[in-house]
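Encoded as structure tokens, the structure appears first; notes follow it.
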């Protein structure tokens with residue numbers, strides 16, 4: 021088992037004909053992911069072909085879902101049009117929309133979040149690396165890769181990884197895999213201040229997944245999502261969790277690359293998040309080099 | 012992006028918010044004309060405010076000894092004297108650092124008699140993804156202090172983005188602030204306008220501190236924004252060319268401006284170890300690990316997920332133009348990105364810049380063996396780190412040596 025996606029998940033790619041979307045659609049196909057449809061308005065009827073796999077392109081998500089039974093979408097649409105693309109996926113009742121796009125205006129995402137109330141669709145991201153559930157094959161081939169993560173660093177196993185940062189997720193996955201430890205699912209929830217899925221949401225899914233035995237949670241400065249997850253873990257956690265927070269040395273009031281990585285008004289500091297981790301019994305990795313070791317020592 | 016107080020007030024005014032009459036001035040002559048207009052209109056005081064992005068202006072000192080970046084003038088002559096002491100001069104405040112900022116513009120405005128001060132702000136509440144209006148009777152002071160010690164004095168009202176702000180919400184806030192009569196009605200209109208400024212400008216923060224009930228020259232009570240601060244969502248500037256035109260490059264670090272030309276995300280810090288990293292999270296934690304092992308990072312630098320050789324070369328030139336830098340730490344996790352491309356970029360950049368400082372490289376990921384071979388074959392003195400921790404220790408040791 022895994023969370024959110026399985027190797028059988030049928031994926032559609034919104035923005036499949038753009039350079040970024042096309043490149044990563046190819047890499048997902050190479051990884052063995054079921055890429056069943058592409059959507060680019062105005063290019064319906066064309067075919068996206070890669071290594072013998074023919075992916076039909078549609079003008080709308082609704083049509084793609086009707087024709088291909090896709091249940092999940094990866095959004096690679098440029099920022100000004102991304103909120104519309106996400107809402108289109110929700111309207112088509114997809115189970116899962118993963119928004120990779122970086123740079124969506126905050127107010128657009130506030131509107132999307134409001135429009136999603138009552139919807140059964142789960143949004144991951146935006147500004148995230150996506151999701152990987154590793155497969156059984158060599159270099160985890162045959163898994164479900166939605167987004168931009170390097171598939172080959174993964175290994176099928178029992179650790180769940182959730183993170184706001186792409187490269188730190190890869191770092192944690194690489195540390196695990198190099199120690200022979202595999203992952204159930206790795207989820208990048210994204211670096212924006214308004215996102216579809218929080219640390220807490222993913223932690224709850226991992227706790228409920230019988231195939232996940234331990235969790236690495238990676239946070240960063242800004243907001244209080246890590247504290248909220250820690251509070252829940254303190255009361256309801258049943259599996260070992262280790263964590264790291266990036267940005268202890270970031271100057272207050274500055275946005276550190278990610279739109280959501282900012283200490284403002286004394287809120288959202290790394291110190292407060294590390295303290296919440298310790299209070300909840302979460303293993304604190306003193307440096308990003310020790311994320312896997314910190315968890316493995318607890319297991 | 013941040014804008015000046017006078018620009019924030021222009022945006023607020025466009026949305027029907029009351030601000031004191033005044034004008035931004037770049038010369039003493041302009042300041043004199045603006046002051047003459049204010050006194051002619053019956054005001055008895057004018058305020059002369061230095062326009063820099065840093066806070067703490069009132070308590071700041073100019074490098075030529077003149078005290079106060081915000082001054083009250085009782086006459087045109089006094090206003091002219093203050094303008095002469097501010098324009099073109101360097102103001103040091105608690106937020107500018109010792110180097111201070113040169114004042115290019117001053118705001119000359121009417122200073123009405125303040126009867127009571129309040130606080131008002133609009134921002135995003137990240138915990139529920141909704142706009143939040145915060146108000147307090149404790150105006151003109153540090154709101155973080157109020158929040159920490161007397162949180163009951165902060166009124167909070169969340170706006171449903173589906174319908175936008177409703178007048179009853181503004182009435183609740185005005186009533187909570189204890190306002191009556193003209194001031195109450197004025198506050199309702201003002202709060203609606205401040206919210207609309209936030210929403211329609213794609214602001215990240217609009218802060219009015221103080222908001223004030225004042226006595227106008229005609230003896231009536233009115234509620235106005237005495238000071239205003241607006242921060243904007245950089246990701247939304249593409250749809251606000253009028254606001255983008257307010258960008259003041261003089262307020263930004265020259266190295267950060269240069270970096271932005273190459274789509275590099277660079278933030279200058281005060282330490283001696285420069286970092287070059289891919290990914291914001293990894294870049295932040297590279298700074299953290301340097302500090303963990305006893306060093307101090309000179310910068311944050313994220314070259315992004317698909318860095319080219321040109322970007323690596325530009326990044327090297329930028330970090331090397333910081334005179335505090337004593338060593339360089341390159342930390343790359345090449346997931347999709349080819350490590351050999353990065354290695355080639357590093358070798359070229361080192362040759363081009365004639366680098367003499369210690370360089371520690373930690374390279375991991377896609378095609379890493381070829382990347383390491385390229386570094387080894389270059390004949391350059393490059394210290395290689397196996398893990399992030401190993402590399403961080405080596406770069407800290409190199410600076411200490």
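Chains as they are written, first to last, in the working numbering: chain X, 21 to 319; chain S, 12 to 412.
We treat Cβ as the ideally placed atom computed from N, Cα and C, and that holds for glycine.
Nothing here was measured: the structure is a model prediction, and the numbers come from that model.
Below-8 angstroms beta-carbon distance, residue i vs any chain X residue
i, result
"residue 303/S", "yes"
"residue 155/S", "yes"
"residue 7/S", "Residue 7/S lies beyond the stretch modelled for chain S, which goes from 12 to 412, so this question has no answer here."
"residue 142/S", "yes"
"residue 17/S", "no"
Identity of the residues DSSP links to residue i by a beta bridge
i, result
"residue 169/S", "143/S"
"residue 117/X", "93/X and 143/X"
"residue 203/S", "Answer is none; residue 203/S lacks a bridge partner."
"residue 136/S", "141/S"
"residue 50/X", "Paired residues: none, contrary to the question."
"residue 289/S", "DSSP lists no partner for residue 289/S."
"residue 128/S", "223/S"
"residue 183/X", "208/X and 238/X"
"residue 241/S", "217/S"
"residue 43/X", "BP columns for residue 43/X are empty, so no partner."
"residue 34/X", "59/X and 95/X"
Beta-carbon contacts of residue i that lie in its chain and below 8 angstroms, excluding the five residues immediately before and after
i, result
"residue 164/S", "147, 148, 149 and 157"
"residue 211/S", "26"
"residue 90/X", "30, 31, 32, 56, 57, 84 and 114"
Any non-hydrogen atom of the ligand SAH closer than 7 angstroms to residue i Cβ
i, result
"residue 54/S", "Summarising the ligand content, the structure contains no ligands, and the ligand SAH is consequently not present."
Cβ of residue i within 8 angstroms of any chain S Cβ
i, result
"residue 87/X", "no"
"residue 278/X", "yes"
"residue 339/X", "The requested residue 339/X does not occur in the structure, where chain X is confined to residues 21 to 319."
"residue 251/X", "no"
"residue 114/X", "no"
"residue 58/X", "no"
"residue 308/X", "yes"
"residue 158/X", "no"
"residue 133/X", "yes"
"residue 83/X", "no"
"residue 165/X", "no"
"residue 181/X", "no"
Assumed close pair residue i, residue j - CB separation to whole angstroms, cut-off 8 angstroms
i, j, result
"residue 291/S", "residue 281/X", "6 angstroms"
"residue 64/S", "residue 123/S", "About 25 angstroms; that fails the 8 angstroms criterion."
"residue 105/X", "residue 31/X", "15 angstroms between Cβ atoms; not a contact."
"residue 324/S", "residue 269/S", "Not quite, the Cβ-Cβ distance comes to about 13 angstroms (not below 8 angstroms), so this is no contact."
"residue 303/S", "residue 307/X", "5 angstroms"
"residue 394/S", "residue 409/S", "7 angstroms"
"residue 233/X", "residue 178/X", "4 angstroms"
"residue 174/X", "residue 193/X", "6 angstroms"
"residue 348/S", "residue 377/S", "6 angstroms"
Contacts around residue i, its chain only, beta-carbon distance under 7 angstroms, and the 5 residues preceding and following it disregarded
i, result
"residue 413/S", "Limits of chain S in this structure are 12 at one end and 412 at the other, which puts residue 413/S out of reach."
"residue 49/X", "55, 70, 71 and 73"
"residue 117/S", "36, 42, 59, 60, 61, 62, 94, 97 and 98"
"residue 308/S", "280, 282, 284, 286, 298, 301 and 302"
"residue 18/S", "257"
"residue 242/S", "13, 214, 215 and 216"
Coarse secondary structure for residue i, derived from DSSP in three states
i, result
"residue 74/X", "strand"
"residue 304/S", "coil"
"residue 26/S", "coil"
"residue 151/X", "strand"
"residue 43/S", "helix"
"residue 274/X", "coil"
"residue 35/S", "strand"
"residue 160/S", "helix"
"residue 356/S", "helix"
"residue 249/S", "helix"
"residue 172/X", "helix"
"residue 208/S", "helix"
"residue 61/S", "strand"
"residue 77/S", "coil"
"residue 10/S", "An answer regarding residue 10/S cannot be provided, because it is not within the stretch 12 to 412 covered by chain S."
"residue 68/S", "coil"
"residue 178/X", "strand"
Cut-off 6 angstroms between Cβ atoms - residues of its own chain near residue i, not counting five sequence neighbours on either side
i, result
"residue 403/S", "300, 301 and 304"
"residue 80/S", "61, 68, 71 and 102"
"residue 186/X", "149 and 208"
"residue 44/X", "168"
"residue 202/S", "181 and 184"
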